[in-house]
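Undergrad: Residue numbers for the sequence shown follow the numbering used here, so the first one is 725 and each next one is one higher.
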Amino acid sequence: MNPQLSNRRQALGWLAAGAAFLGRPQLAHAAPWAPTGNITYNIGVAPGGSVDLYARGIKNALETLKLVGGHTVLPLNKPGAAGLLVLQAMQKARGDAHNLSTFHTGSIAGQVTGVLKADLREFVPVAMMVEETTLVAVAADSPLRSATEIVDKLRQSPESLKIAVAPLRGLNLHLAIAKPLKLAGVDVSRLTVVPFRSSGESVTAVMGGHVDVVIATGPTVTPLAQSGKLRMLASCDPVRGKGPLAEVPTWRELGIAADYVSYNGVLLPPGVDAEQIRFWENALRQVAQSADWRQLVEKSGNKPIFKGYVDSHRYLQSELKDTQELVASLGAGAR
725 MNPQLSNRRQ ALGWLAAGAA FLGRPQLAHA APWAPTGNIT YNIGVAPGGS VDLYARGIKN
785 ALETLKLVGG HTVLPLNKPG AAGLLVLQAM QKARGDAHNL STFHTGSIAG QVTGVLKADL
845 REFVPVAMMV EETTLVAVAA DSPLRSATEI VDKLRQSPES LKIAVAPLRG LNLHLAIAKP
905 LKLAGVDVSR LTVVPFRSSG ESVTAVMGGH VDVVIATGPT VTPLAQSGKL RMLASCDPVR
965 GKGPLAEVPT WRELGIAADY VSYNGVLLPP GVDAEQIRFW ENALRQVAQS ADWRQLVEKS
1025 GNKPIFKGYV DSHRYLQSEL KDTQELVASL GAGAR
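#1: Give a yes or no on whether the C-beta atoms belonging to VAL912 and SER926 are separated by under 9 Å.
#2: Have a look at PRO803 and TYR778 and give me their C-alpha separation to the nearest angstrom.
#3: What first and last residue would you give for the alpha helix (DSSP H) that runs through VAL1011?
#4: Under the rule that 16 or more other beta-carbon atoms within 10 Å means buried, what is ALA1045, buried or exposed?
#5: Tell me, which residues are paired with ILE767 by DSSP?
#6: Less than 8 Å between the CB atoms is what I'm expecting for VAL990 and VAL836, so what's the real figure, rounded?
#7: With a threshold of 16 other CB atoms inside 10 Å of the CB of THR764, please say whether the residue is buried or exposed.
#8: Could you tell me the boundaries of the beta strand (DSSP E) in which SER959 lies?
#9: Taking the alpha helix (DSSP H) that ILE874 belongs to, which residues open and close that run?
#10: Using alpha carbons as the reference points, say which of VAL930, VAL860 and ASN823 lies closest to HIS795.
#11: Alpha helix (DSSP H) containing HIS1037: first to last residue?
#12: Count the other CB atoms, across all protein chains shown, that sit within 10 Å of the CB of ASN1006; report buried if there are 16 or more and exposed otherwise.
#13: Is the stretch 866-879 close to the stretch 799-816, with three or more CB pairs under 8 Å?
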């Protein structure tokens, strides 16, 4: 049997067994799993940007809401290799639910394009916490006044604009800009795509005039747009946002039906059991319901959500398939 398939069936079996145990009075006295020491939150990017922001927001909420038994959640940034360094650390922590990492659409894209040399199906996505808005922006003093101007310029000369992404080509932000441009008739294999270690660095580069266009998620772009340093030209969401995003047109509104939605959540190491999954699912559900967490996410221009282990696992499977189809349609531009 395929070991990956076996692992997935085993995890689902643990959940089913756990549910059955809860209905049997003779086992009601069994103590559920809980942390017995500090928790390491492995973050696969440099500080700055939405992945780091939300990981630290979850860490703060877990501690503030006293959901980890008085223990400390230690954030540890390990940027590099498209997140592979973090996944290697999570592999070494097999079965130890004192280790968390980020479950993100970008990692799925990286696996499909070959940028990330790992298989996310070996790990356990326990929760999806944020539905992310991806935005196209330019510096406030840029001569580019609309997304339509960007498309027109790139149709004529695909190399003419430097487009900043993070942390690497072939991840979700690259796909999010390549998808509408491809549909609009741009040769996306010839784009000048400039990668940065984090979206914090990519927006700094566009403000400094080192690149022409940046694509990043709401937490990085929205505050700078509100302060007058950036102009947001397009949203990759299927519908127009609210608050600071109410004036930002979607690609659909511009006549290009190319939505791209990313999700951010929490990943557990391989080999965790049903009780460990249940503990973190319940703890993260409480984080998702807290006012401070919701305010953090909404202020950043994104949408707070909560989907537990089963829905997160299903999303991983479906997004892998959908991304494979998207990358195949984009050709060399997504490599």
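Idealized CB from N, CA, C, for every residue including glycine.
TA: This is what the structure gives:
#1: As a first step, residue 912 is located in the sequence shown; it is residue number 188 there, counting from the start. As a first step, residue 926 is located in the sequence shown; it is residue number 202 there, counting from the start. SER926 is positioned such that its CB atom lies no closer than 9 Å to that of VAL912.
#2: To locate residue 803, count along the sequence shown from 1; it is residue 79. To locate residue 778, count along the sequence shown from 1; it is residue 54. Spanning the alpha carbons of PRO803 and TYR778 requires a straight line of approximately 16 Å.
#3: Locating residue 1011 in the sequence shown gives position 287, counting from the first residue. Where VAL1011 is concerned, the enclosing alpha helix (DSSP H) stretches over 998-1013.
#4: Indexing the sequence shown from 1 puts residue 1045 at position 321. This sequence places Lys at residue 1045; Ala is not what is there. By the 10 Å Cβ count, LYS1045 comes out exposed.
#5: On the sequence shown, residue 767 is found 43 positions in, with the first residue counted as 1. Bridge partners of ILE767: ASN801.
#6: Against the sequence shown, residue 990 aligns to sequence position 266. Against the sequence shown, residue 836 aligns to sequence position 112. The pair is not a contact, with the Cβ atoms about 21 Å apart (cut-off 8 Å).
#7: Here residue 764 is taken as the residue at index 40 of the sequence shown, counted from 1. THR764 should be labelled buried.
#8: Taking the sequence shown and counting its residues from 1, the one referred to as residue 959 is at position 235. In the DSSP assignment, SER959 falls within the unbroken beta strand (DSSP E) covering 954-959.
#9: As a working note, residue 874 is residue 150 in the sequence shown. Note, ILE874: alpha helix (DSSP H), 871-880.
#10: By 1-based counting over the sequence shown, the position of residue 795 is 71. Of the candidates VAL930, VAL860 and ASN823, the one whose C-alpha sits nearest the C-alpha of HIS795 is ASN823.
#11: Taking the sequence shown and counting its residues from 1, one reaches residue 1037 at position 313. Note, HIS1037: alpha helix (DSSP H), 1033-1054.
#12: The count along the sequence shown starts at 1 and reaches residue 1006 at position 282. Of the other Cβ atoms in all chains shown, fewer than 16 fall within 10 Å of the Cβ of ASN1006; this residue is therefore exposed.
#13: Contact fails: fewer than three Cβ-Cβ distances are below 8 Å.
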